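Novice: Got a structure for you, written out below as structure tokens; questions coming shortly.
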Amino acid sequence: MASEQSDQLAELNGVSRDRLSNPNLDLQTIRDMCDALGAAGKEPEGVSYAEVDAGGVPALWCIPAGCDDEAVVLFSHAGGTAVFSMSSDRKAAGHLAKAAGIRALVLDYRRSPENKFPAQQDDVETAYRWLLAQGYRRDKIASGGHSVGGNLAVSLAIRLRDQGLPLPGAILAVSGWYDTELKNPTLQTVTQ
Amino acid sequence: MTSTQAVEFANFFADLSQRSANPTFDLSTIRDIVETMHVATKEPEGVTYAEVDAGGVEALWCIPTGSDPLRVLLHNHMGGSVITSMYSDRKAAAHIAKAAGIRSLVLNFRRSPEHKYPAQVEDVETAYRWLLGHGYRPENIASVGHSIGGYLAVALAQRLRDRGEALPGAILSISPWCDPTMSGESIEGNADKDKLLSRPLLEFFRSCFLDGTGVELTDPQVNLLNSDLSGLPPIAVYYGEDELLASEDAEFGRRAEGAGNEVTVTQVDAGQHSFIIGAGWVPEVDQAIAEMGVWLRSTLGLDAAAD
């Protein structure tokens, strides 16, 4: 059975979906409203943050106190490439980093429609190569993300594989969006 | 000479104000838009965070690595009592905490118009008493805030003084909103330079804050320029050269000093209202925050304790 807190989160998401369905909103306002949802995440204690330029991609380190120095999870945020940001994902990534005891690098990849495919995949690959240049071993890098970020986490490994390049050590895809044709039957059954 | 970063920061505020001023937006949408103000603040490194229930008031600890365990900054956010939050103020508060080497408790006081005056002052007092209940001594607490939070930082000390209770050790009041009658000359004089505040916005704030309460705009409970400023702890007032509130903030500093307090007043060159939001990359802002840190350490006796 779902917890009371899980039901509260679902209700919050429902209210947001209703507010965001207003057809008069411009994209910037929709982005602001989505980013404000970041307040729903609780602060993970004992995690500090640092902004960094990851080879041209703006990114945010989430650094749990006492974490492993050699491993990192490269993390791509949700939002269908159009909304959300490294700021709105900060706390969720901080929780993940803390649970794993390793740093997370949350990417602020370029968003669409201003920057369409494959800008997002390009940015993830750029950040991955930046990590390698910083001395991280590829087998100590996890490719992670949620929603479209889950897609990006898998895509990174596919791109590297197809180029015959060394692969990251793990892929963590949360609520990944894989089927852009939207043929998944749960799109109908779970919409309520 | 004004830095290019300060100009860029002012332009950011101008854009934010313009986007949020759409008359078709409801209050929750305006709140969401202005909440994104935090992107203008760079993450301070080496600070961790923890949410806490401060006696019924939502709050966020900002804890710089190696900070003093005995002292605390009680921090109140901006937004006219209506908008922004402990979330949008997190990084700015953490920069001040880091500069001082003292942890900060950022309050998410109840907002108007849902909760009108004196809900905000009551929440600050509740959090202050919660700190005392957790063993912090009054003289080790600095009452801090900016904009409406700069007013709240002073109002807390006045309430405690009026009841004959122990006062906090310092007041750091940044861009305080002192005069809801808006009679200061810079309300008009800085109208073109202030990229965040406007007369209609301040009118909206004061209406949300006070309408229906029976409290007049001249009431000393909400108008610091009409209030008794005697018998307060050391006060540091900071304000931006270009803000609507510049003249009332300077006047507040003069009156606080005239009332016999130890007062330091600093005008930040080319400073916008609530300029601390530009922390981490605007040189004028970082310089001011560094000075605040030195003043807080000295006034709360941290340097003396370390010797």
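So the sequence lines, in the order shown, correspond to chains P and U. Numbering-wise (our numbering), the first sequence opens with residue 3 and increments by one. Numbering-wise (our numbering), the second sequence opens with residue 385 and increments by one. Positions of the beta carbon are idealized from the N, C-alpha and C atoms, including for glycine. Model, not experiment: these values are computed from the prediction.
1. Whole angstroms is fine: what's the gap from residue 155 of chain P's alpha carbon to residue 59 of chain P's?
2. Span of the alpha helix (DSSP H) holding residue 584 of chain U?
3. Would you mind reading off the limits of the alpha helix (DSSP H) that contains residue 97 of chain P?
4. Suppose you measure from the CA of residue 544 of chain U to the CA of residue 550 of chain U; what does that come to, to the nearest Å?
5. Compare the Cα-Cα distances from residue 147 of chain P to each of P:107, P:15, P:23 and P:33 and report the closest residue.
6. How big is the Cα-Cα spacing for residue 44 of chain P and residue 508 of chain U?
7. Would you say residue 59 of chain P faces chain U, with C-beta separation under 8 Å as the test?
8. Distance cutoff 8 Å, beta carbons only. Does residue 165 of chain P sit that close to anything in chain U?
9. Quick test of your reading: residue 626 of chain U and residue 655 of chain U, contact by CB under 8 Å. State the CB separation rounded to the nearest angstrom.
10. Does any C-beta atom of chain P lie closer than 8 Å to the C-beta of residue 727 of chain U?
11. For the segment 394-405 of chain U, enumerate the residues whose C-beta is nearer than 7 Å to any C-beta of chain P, in chain order.
12. Quick check: what's the CA-CA separation for residue 606 of chain U versus residue 618 of chain U?
13. Can you check whether the CB of residue 431 of chain U is closer than 8 Å to the CB of residue 478 of chain U?
14. Is the beta carbon of residue 466 of chain U less than 8 Å from the beta carbon of residue 560 of chain U?
15. With a floor of 3 residues, list each beta strand (DSSP E) that falls wholly inside the segment 601-684 of chain U, ordered by position along the chain.
16. What residue from U:515, U:613, U:604 and U:389 has the CA that sits closest to residue 443 of chain U's CA?
17. Compute the Euclidean distance between the alpha carbons of residue 123 of chain P and residue 595 of chain U, then round it to the nearest angstrom.
18. Tell me the start and end of each unbroken alpha helix (DSSP H) in the segment 457-508 of chain U that is at least 4 residues and wholly inside, in chain order.
19. Would you call residue 113 of chain P buried or exposed, if buried means 16 or more other Cβ atoms sit within 10 Å of its Cβ?
20. Between the alpha carbons of residue 188 of chain P and residue 402 of chain U, how many angstroms are there, rounded?
21. Can you list, in chain order, the residues of its chain whose CB lies under 8 Å from that of residue 11 of chain P, leaving out five sequence neighbours each side?
22. Between residue 457 of chain U and residue 470 of chain U, is the Cβ-Cβ spacing less than 8 Å?
23. In the DSSP output, which residue or residues are listed as bridge partners for residue 442 of chain U?
24. Using beta-carbon positions only, say whether residue 615 of chain U and residue 480 of chain U come within less than 8 Å of one another.
25. With a Cβ-Cβ cutoff of 8 Å, do residue 76 of chain P and residue 144 of chain P count as a contact?
26. Could you tell me whether the Cβ atoms of residue 685 of chain U and residue 659 of chain U are closer together than 8 Å?
27. Cutting at 7 Å between CB atoms, please list the residues of its own chain near residue 435 of chain U, excluding the five before and the five after it.
28. Please report the residue range of the beta strand (DSSP E) in which residue 176 of chain P lies.
29. I think residue 556 of chain U touches residue 680 of chain U, with their Cβ atoms under 8 Å apart; what is that distance to the nearest whole Å?
30. Looking at the unbroken beta strand (DSSP E) that takes in residue 54 of chain P, where does it start and where does it end?
31. Quick one: what's residue 560 of chain U bridged to in DSSP?
32. Have a look at U:558, U:487, U:613 and U:662 and flag the residue whose alpha-carbon is nearest the alpha-carbon of residue 644 of chain U.
33. Quick check on residue 674 of chain U - is its C-beta less than 8 Å from some C-beta in chain P?
34. Does residue 466 of chain U come within less than 8 Å of chain P when only Cβ atoms are used?
35. Thinking C-alpha only, which one of P:7, P:36, P:6 and P:16 is nearest residue 192 of chain P?
36. Could you check the C-alpha separation between residue 179 of chain P and residue 496 of chain U for me, to the nearest Å?
Specialist: Taking the structure as given:
1. Position 153 of the first sequence holds residue 155 of chain P. Position 57 of the first sequence holds residue 59 of chain P. Taking the CA atoms as reference points, residue 155 of chain P sits about 16 Å from residue 59 of chain P.
2. Against the second sequence, residue 584 of chain U aligns to sequence position 200. Counting along the chain, the unbroken alpha helix (DSSP H) around residue 584 of chain U starts and ends at 583-594.
3. Counting from one through the first sequence, the residue named residue 97 of chain P turns up at place 95. DSSP places residue 97 of chain P inside the alpha helix (DSSP H), whose first and last residues are 92-102.
4. The residue you call residue 544 of chain U lines up with position 160 of the second sequence. The residue you call residue 550 of chain U lines up with position 166 of the second sequence. Going by C-alpha positions, residue 544 of chain U is about 7 Å away from residue 550 of chain U.
5. In the first sequence, residue 147 of chain P corresponds to position 145, counting from 1. Taking the Cα of residue 147 of chain P as reference, the smallest distance to any Cα among P:107, P:15, P:23 and P:33 is reached at P:107.
6. The sequence position of residue 44 of chain P within the first sequence is 42, counting from 1. The sequence position of residue 508 of chain U within the second sequence is 124, counting from 1. Approximately 22 Å, taken between the alpha carbons.
7. Locating residue 59 of chain P in the first sequence gives position 57, counting from the first residue. Judged by the 8 Å Cβ criterion, residue 59 of chain P is not in contact with chain U.
8. Taking the first sequence and counting its residues from 1, one reaches residue 165 of chain P at position 163. For residue 165 of chain P, the nearest beta carbon of chain U is not closer than 8 Å to its own beta carbon.
9. Taking the first residue of the second sequence as position 1, residue 626 of chain U is located at position 242. Taking the first residue of the second sequence as position 1, residue 655 of chain U is located at position 271. Rounded, the Cβ-Cβ distance is 6 Å, consistent with contact.
10. The requested residue 727 of chain U does not occur in the structure, where chain U is confined to residues 385 to 691.
11. Residues 403.
12. Mapped onto the second sequence, residue 606 of chain U falls at position 222. Mapped onto the second sequence, residue 618 of chain U falls at position 234. Cα to Cα, residue 606 of chain U sits roughly 20 Å from residue 618 of chain U.
13. The residue labelled residue 478 of chain U in the question sits at position 94 within the second sequence. The residue labelled residue 431 of chain U in the question sits at position 47 within the second sequence. At the C-beta level, residue 478 of chain U and residue 431 of chain U come within 8 Å of one another.
14. As a working mapping, residue 466 of chain U is identified with position 82 in the second sequence. As a working mapping, residue 560 of chain U is identified with position 176 in the second sequence. No, Cβ-Cβ distance for residue 466 of chain U and residue 560 of chain U is not below 8 Å.
15. Whole beta strand (DSSP E) segments, 3+ residues: 619-624 and 647-652.
16. Taking the first residue of the second sequence as position 1, residue 443 of chain U is located at position 59. With distances taken between Cα atoms, residue 443 of chain U lies closest to U:515.
17. Taking the first residue of the first sequence as position 1, residue 123 of chain P is located at position 121. Taking the first residue of the second sequence as position 1, residue 595 of chain U is located at position 211. If I take the Cα positions, the gap works out to 52 Å.
18. Secondary structure within the segment 457-508 of chain U: the alpha helix (DSSP H) runs of 4 or more consecutive residues, fully enclosed, are 474-484 (chain order).
19. On the first sequence, residue 113 of chain P is found 111 positions in, with the first residue counted as 1. By the neighbour-count criterion, in which 16 or more other beta carbons inside 10 Å mark a residue as buried, residue 113 of chain P falls on the buried side.
20. Locating residue 188 of chain P in the first sequence gives position 186, counting from the first residue. Locating residue 402 of chain U in the second sequence gives position 18, counting from the first residue. As the crow flies, the alpha-carbon of residue 188 of chain P is around 41 Å from that of residue 402 of chain U.
21. Here residue 11 of chain P corresponds to residue number 9 of the first sequence, with the count starting at 1. By the criterion of a C-beta distance shorter than 8 Å, residue 11 of chain P is surrounded in its chain by 42, once the five residues flanking it on both sides are discounted.
22. To locate residue 457 of chain U, count along the second sequence from 1; it is residue 73. To locate residue 470 of chain U, count along the second sequence from 1; it is residue 86. Not in contact: residue 457 of chain U and residue 470 of chain U (Cβ atoms no closer than 8 Å).
23. Sequence index remark: in the second sequence, residue 442 of chain U carries index 58 (1-based). DSSP, once it has assigned bridges, lists U:437 as partnering residue 442 of chain U.
24. Within the second sequence, residue 615 of chain U is the residue found at index 231, counting from 1. Within the second sequence, residue 480 of chain U is the residue found at index 96, counting from 1. The Cβ-Cβ distance between residue 615 of chain U and residue 480 of chain U does not fall below 8 Å.
25. Here residue 76 of chain P corresponds to residue number 74 of the first sequence, with the count starting at 1. Here residue 144 of chain P corresponds to residue number 142 of the first sequence, with the count starting at 1. Yes.
26. Residue mapping note: residue 685 of chain U aligns to position 301 of the second sequence, counting from 1. Residue mapping note: residue 659 of chain U aligns to position 275 of the second sequence, counting from 1. When the beta-carbon positions are compared, residue 685 of chain U and residue 659 of chain U stay at least 8 Å from each other.
27. Residue numbering aside, residue 435 of chain U sits at position 51 when the second sequence is read from its first letter. Result list for residue 435 of chain U: 444, in chain order.
28. Locating residue 176 of chain P in the first sequence gives position 174, counting from the first residue. According to the DSSP assignment, residue 176 of chain P belongs to the beta strand (DSSP E) that extends over 172-176.
29. Taking the second sequence and counting its residues from 1, one reaches residue 556 of chain U at position 172. Taking the second sequence and counting its residues from 1, one reaches residue 680 of chain U at position 296. 6 Å between Cβ atoms; contact.
30. Taking the first residue of the first sequence as 1, we reach residue 54 of chain P at position 52. Where residue 54 of chain P is concerned, the enclosing beta strand (DSSP E) starts and stops at 49-56.
31. On the second sequence, residue 560 of chain U is found 176 positions in, with the first residue counted as 1. Partner(s): none; residue 560 of chain U has no beta bridge.
32. Here residue 644 of chain U corresponds to residue number 260 of the second sequence, with the count starting at 1. It is U:613.
33. As a first step, residue 674 of chain U is located in the second sequence; it is residue number 290 there, counting from the start. No, its Cβ sits nowhere closer than 8 Å to a Cβ of chain P.
34. Taking the first residue of the second sequence as position 1, residue 466 of chain U is located at position 82. So, not an interface residue.
35. Here residue 192 of chain P is taken as the residue at index 190 of the first sequence, counted from 1. Comparing alpha carbon positions, the residue from P:7, P:36, P:6 and P:16 closest to residue 192 of chain P is P:16.
36. By one-based count along the first sequence, residue 179 of chain P stands at place 177. By one-based count along the second sequence, residue 496 of chain U stands at place 112. Roughly 40 Å between the two C-alpha positions.
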